[in-house]
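Engineer:
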Amino acid sequence: MPEFNALIYDVPEPGIARITLNKPNMANAQDTALLYELNEAFDHAAHDDDIRVIILAANGKHFSAGHDLSETDGHGAMRTHQTVAPVCGFGCAGAEAQMAREEEIYLGFSDRWRNIPKPTIAAVQGKCIAGG
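Every position in the sequence shown, counted from 1, becomes a number in my numbering once 113 is added.
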């Protein structure tokens, strides 16, 4: 099983994978690292034949404050991850790199997660803002 820093992956009951956002001190704001971990956790659950249902939850008062606006160099953070979207431009400067990043971590991941072939439940509490 993969190791995670910004979330917890567990199997509370046979057949159920629970992915829990675990940055309660930041209202589970989504930075690049968290989004790549979330993608890896969803992939793990989707490919595990013993898992029939996926629950996405969050620790803390709020489910998610949305995008982490304090992340100023998302491009640098992306260089440490294997990209998954069929786009190019990550190594470019300026707007082209920004658009490649947006395509990858916001549009690309959302499409992948929406199309997971297993029932997925979001256990939302408190606020769920913007990209949250």
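C-beta atoms are modelled at their ideal positions from N, C-alpha and C, and glycine is treated no differently. Quantities reported herein were computed from a predicted structural model and do not represent experimental measurements.
1. So, does the segment 172-183 touch the segment 150-161, judging by three or more C-beta pairs under 8 Å?
2. Classify I234 as buried or exposed, calling it buried when 16 or more other Cβ atoms lie within 10 Å of its own Cβ.
3. Secondary structure at P137, three-state DSSP: helix, strand or coil?
4. Secondary structure at H180, three-state DSSP: helix, strand or coil?
5. Roughly how many whole angstroms lie between the Cα atoms of F176 and D163?
6. Could you pull the DSSP bridge partners for Q60 from this structure?
7. Based on the DSSP secondary-structure assignment, which residues constitute the bridge partners of V166?
8. Less than 8 Å separating the beta-carbons of L148 and I132?
9. Please classify A208: is it buried, with 16 or more other beta-carbons within 10 angstroms of its beta-carbon, or exposed?
Structural biologist: In terms of the structure at hand:
1. no
2. Indexing the sequence shown from 1 puts residue 234 at position 121. Classification of I234: exposed, given that the 10 Å Cβ count is below 16.
3. Here residue 137 is taken as the residue at index 24 of the sequence shown, counted from 1. Reduced to three states, the DSSP call for P137 is helix.
4. Translated into the one-based positions of the sequence shown, residue 180 becomes position 67. Strand at H180.
5. As a working mapping, residue 176 is identified with position 63 in the sequence shown. As a working mapping, residue 163 is identified with position 50 in the sequence shown. The alpha-carbon atoms of F176 and D163 are separated by roughly 27 Å.
6. No answer is possible for residue 60: it lies beyond the span of the chain, which begins at 114 and ends at 245.
7. Along the sequence shown, read from residue 1 onward, the residue named residue 166 stands at position 53. Bridge partners of V166: I129.
8. Position 35 of the sequence shown, counted from the start, is the residue given in the question as residue 148. Position 19 of the sequence shown, counted from the start, is the residue given in the question as residue 132. For L148 and I132, no; Cβs fall outside 8 Å.
9. What you label residue 208 is simply residue 95 of the sequence shown in a count that begins at 1. So A208 ends up on the exposed side.
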